[in-house]
Amino acid sequence: MQELRLFNTALRNNGCEDWEADMRLQGKVAIITGGARGIGRASAELFAEEGAQVVVADLSLGEDFASDRVAFKELDVTDEQSWKRVAEETVSEFGRINVLMNNAGMVGSYEPIDSISIEDWNRVVAVNQTGPFLGIRTVVPYMRSNGGGSIINVSSIWGIAGAAGVAAYTASKGAVRLMSKNAALTYVGDGIRVNSLHPGIIETPMIAAQDVDVTAGVVEATPMKRLGKARELAYGALFLASDESSYMTGAELVIDGGYTAP
Ligand code: NAI
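Counting from 4, one number per residue, gives the positions in the sequence shown under our numbering.
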């Protein structure tokens, strides 16, 4: 406790009084793709609890949100026109876009390179890679006119470490990692920070739908020997969205129970 007090005093002395504000995303407007369920939903709930106005952008909503600070907009992340509509509506209803969390994603196929169909490959790349690309290019002009913003691209442990099979997923998640660094360097002068978030195996509908043996194998390879919770990822996203990460861009935040440590 004593160290924490000294640390807080040091922050104050460095002019960081804003960090003491009650809510960590007070006044920010955040778009979260794939926010209807899983990691995106947990992030939407947490962002709203921390004072943000959240726009959940997904193919469909499913279960409603309890918070009146969460609005839903239909979005297919592969479609540039629907991105433009969501961004325009967000700005006209809520005034600005401060945060974009490119979270929508799919595994789609577990096939390796020599057997995945071109259709499956193209669909996974369209959602996981082209989706965040379209999201970044849609919001950058709005963020630039605000004087900055924070973009969080959800990659994976399989955007860092290899995995056998799942060719399109690993290729697309690896691309997201480097696209984040590219965007970070390109837009740093606009005050736009871009970071990637790398979940390990997390208990969500995506994982519930996959073969239990695949899940058991990844849990076994995870030093903590358990699935992560969506809320544990949401806290990482909250940090990247907030001004607490103001000196962080082009970086990778790994939340994986130790999977990539060995
Ligand atoms: P999930 O499958 O539970 O939720 C994904 C959401 O994305 C759904 O609401 C779905 O409707 C939406 N979505 C899918 N295609 C879309 C499209 N074309 N346009 C708009 N929305 C679309 O997934 P989960 O587990 O919450 O994953 C979230 C992100 O985290 C994904 O990018 C995933 O690849 C990544 N991730 C998840 C891990 C896990 O173990 N759950 C591990 C590593 C990464």
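Here a beta-carbon is modelled for each residue, glycine too, at the ideal position from N, C-alpha and C. Owing to the predicted nature of the structure, the values given are computational and were not obtained by experimental measurement.
- D79 and K87 have their C-alpha atoms roughly 11 Å apart.
- For Q84, the enclosing alpha helix (DSSP H) starts and ends at E83 to F97.
- C-alpha of E83 to C-alpha of L137: approximately 6 Å in a straight line.
- Around G151, the same chain offers D193, G194 and I195 as residues with beta carbons nearer than 7 Å, after the five sequence neighbours per side are excluded.
- Excluding the 5 residues flanking it on each side, G261 has same chain C-beta neighbours closer than 7 Å at T225, P226 and M227, in chain order.
- Of W161, N185 and S153, the smallest CA-CA separation from K176 is found for W161.
- If you look at R44, you'll find it in the alpha helix (DSSP H) that goes G41 to E52.
- Taking non-hydrogen atoms of ligand 1 into account, the C-beta of V80 is found less than 7 Å away from one of them.
- P144 is classed as exposed because its beta carbon has fewer than 16 other beta carbons within 10 Å across all chains shown.
- Only residues of its own chain outside the window of five on either side were considered, and among them T263 have a CB closer than 6 Å to the CB of A164, listed in chain order.
- Closest in alpha carbon position to T252, among M182, G134 and V57, is M182.
- Take K184, set aside five residues on each side of it, and the residues of its chain with a beta-carbon closer than 7 Å to its own are G253, in chain order.
- DSSP, reduced to helix, strand and coil, places V169 outside both helices and strands of the structure shown, so it counts as coil.
- Within its own chain, the residues whose Cβ lies closer than 6 Å to the Cβ of A166, once the five positions on either side in sequence are excluded, are T173, listed in chain order.
- According to the DSSP assignment, M209 belongs to the alpha helix (DSSP H) that extends over P208 to A211.
- In the DSSP assignment, L200 falls within the unbroken beta strand (DSSP E) covering I195 to P202.
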